[in-house]
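*Asks:* In the numbering used here, the protein residues as written are 13 to 100. Note that beta-carbon positions come from the ideal geometry of N, C-alpha and C, so glycine has one too.
(1) Can you have a look at residue 73 and say buried or exposed, based on whether 16 or more other CB atoms are within 10 angstroms of its CB?
(2) Does DSSP classify residue 76 as helix, strand or coil?
(3) Which residues in the same chain as residue 97 place their Cβ atom closer than 6 angstroms to its Cβ, once the five residues preceding and following it in sequence are excluded?
(4) Which runs of the alpha helix (DSSP H) at least 4 residues long sit entirely within the stretch 29 to 79? Give them in chain order.
(5) Given that a residue counts as buried once 16 or more other Cβ atoms are within 10 Å of its Cβ, and exposed if not, what is residue 86?
(6) Are there 16 or more other CB atoms within 10 angstroms of the CB of residue 34, so buried, or fewer, so exposed?
(7) Can you tell me where the alpha helix (DSSP H) with residue 99 in it begins and where it stops?
(8) Whole angstroms is fine: what's the gap from residue 50's alpha carbon to residue 18's?
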């Protein structure tokens with residue numbers, strides 16, 4: 013997860029949801045802008061997005077939902093890309 017939120021908010025969210033993957037901060041929105049997922053209407057937050065990057069740094073899955081009410085898909089939809097990204 014990449015978010016512009018403060019570190020304490022990310023840690024709280026991670027604990028609340030029982031998440032075990034890294035939470036990365038993007039306070040200046042550099043990563044958000046680089047991936048082209050900045051919500052231009054708001055300008056301060058990314059669109060809900062799911063990205064899988066493989067071990068070589070290649071994007072193997074990319075989905076952006078511009079409507080903030082729509083969230084990235086379930087793990088079941090992303091799982092094939094995760095498996096491929098972790099393949100030897």
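*Replies:* Quick look at the numbers:
(1) buried
(2) strand
(3) 64, 66 and 72
(4) 42 to 46
(5) exposed
(6) exposed
(7) From DSSP, residue 99 is part of no alpha helix (DSSP H); its letter is neither H nor E.
(8) 18 angstroms
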